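Reading through the structure tokens given below for one structure.
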Amino acid sequence: MDGLIDVLGSLPHAARRSITFDRGTEFTDWPYLQAGLGVQTWFCEPQAPWQKGTVENTNRRARRWLSRDMDPLSIEDRDLKNVCAHLNSTPRKCLGFRTPAEVFRKKLWDAIRSSGYPALAVKSHFSENSQV
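The sequence shown: position 28 = 965 (this note's numbering), numbered continuously.
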């Protein structure tokens, strides 16, 4: 959780308004995450994958490289970063054939401009070459 708080906490508040969880066990410490980021948290209803369609779609795409039967601890950091880079640099129809990275960067810079947040602090985490 501390890693998520460090990375997401470096974003301007306008770029991290809420987090939605499914009912999985990986976020049982959600109050710590909520307090650390100062954001609203929401839980999807059980057996309601349509409430987090983007996550489900991204998971399906990630399964092209990371099968369900893989031990998550066996995945090398560089391999995971490569999958993230590929997912975030693939144009999507729902984004007007822009990439998730392009859309995120634009929204991030818009949030920075509107909030007066120090741009240099964010730029070091989310540069043009970032896997975000």
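Think of the CB as a built atom: it goes at the ideal place given N, C-alpha and C, for glycine as much as any other residue.
Note that the coordinates shown come from a computational prediction; the quantities given were computed from them, not determined experimentally.
What residue from the options has the CA that sits closest to residue i's CA?
{"i": "Val-992", "options": "Met-1007, Phe-1034, Asp-959, Pro-949", "result": "Asp-959"}
{"i": "Asp-1047", "options": "Cys-1021, Arg-953, Asp-1014", "result": "Arg-953"}
{"i": "Leu-1017", "options": "Asp-1006, Cys-1031, Lys-1030, Trp-1002", "result": "Trp-1002"}
{"i": "Tyr-969", "options": "Gly-946, Leu-1045, Cys-981", "result": "Gly-946"}
{"i": "Gln-971", "options": "Lys-989, Leu-941, Asn-994", "result": "Leu-941"}
{"i": "Asn-996", "options": "Cys-981, Asp-939, Cys-1021", "result": "Cys-1021"}
{"i": "Cys-981", "options": "Thr-965, Glu-963, Ile-1012, Thr-957", "result": "Thr-957"}
Could you give the residue range of the beta strand (DSSP E) that holds residue i?
{"i": "Ile-956", "result": "955-958"}
Rounding to the nearest angstrom, what Cα-Cα distance links residue i and residue j in this structure?
{"i": "Ala-1036", "j": "Thr-1027", "result": "Just to set this straight, residue 1036 is Thr in the shown sequence, not Ala. If I take the Cα positions, the gap works out to 5 Å."}
{"i": "Gln-984", "j": "Arg-1000", "result": "20 Å"}
{"i": "Lys-1030", "j": "His-1023", "result": "16 Å"}
{"i": "Trp-967", "j": "Gly-1033", "result": "33 Å"}
{"i": "Ser-987", "j": "Arg-1005", "result": "Reading off the sequence shown, one finds Trp at residue 987, where the question assumed Ser. About 20 Å."}
{"i": "Lys-1043", "j": "Gly-1053", "result": "15 Å"}
{"i": "Gly-961", "j": "Lys-989", "result": "13 Å"}
{"i": "Asn-1025", "j": "Leu-1010", "result": "22 Å"}
{"i": "Arg-998", "j": "Asp-1014", "result": "18 Å"}
{"i": "Gly-1007", "j": "Glu-1039", "result": "Note that residue 1007 corresponds to Met in the displayed sequence, not to Gly. Taking the straight line from one Cα to the other gives about 30 Å."}
{"i": "Val-944", "j": "Asn-1019", "result": "18 Å"}
{"i": "Arg-898", "j": "Ser-955", "result": "The displayed coordinates of the chain run from 938 to 1069. Any statement about residue 898 would go beyond what the structure contains."}
What are the start and end residues of the alpha helix (DSSP H) that includes residue i?
{"i": "Glu-1041", "result": "The question names Glu, but residue 1041 in the sequence shown is Phe. Here the alpha helix (DSSP H) through Phe-1041 covers 1037-1052."}
{"i": "Asp-939", "result": "939-946"}
Run the proximity test for residue i: is its beta-carbon closer than 7 Å to any non-hydrogen atom belonging to the ligand PLP?
{"i": "Glu-982", "result": "This structure does not include the ligand PLP; it has no bound ligands of any sort."}
(message) Whether or not the region 938-950 and the region 973-991 are in contact is what I'm after, with contact meaning three or more pairs of Cβ atoms, one per stretch, closer than 8 Å; do they touch?
(response) yes
(request) Report the residue ranges of all beta strand (DSSP E) runs contained in full by the region 974-1033; include only those spanning at least 3 residues, in chain order. (result) 977-980
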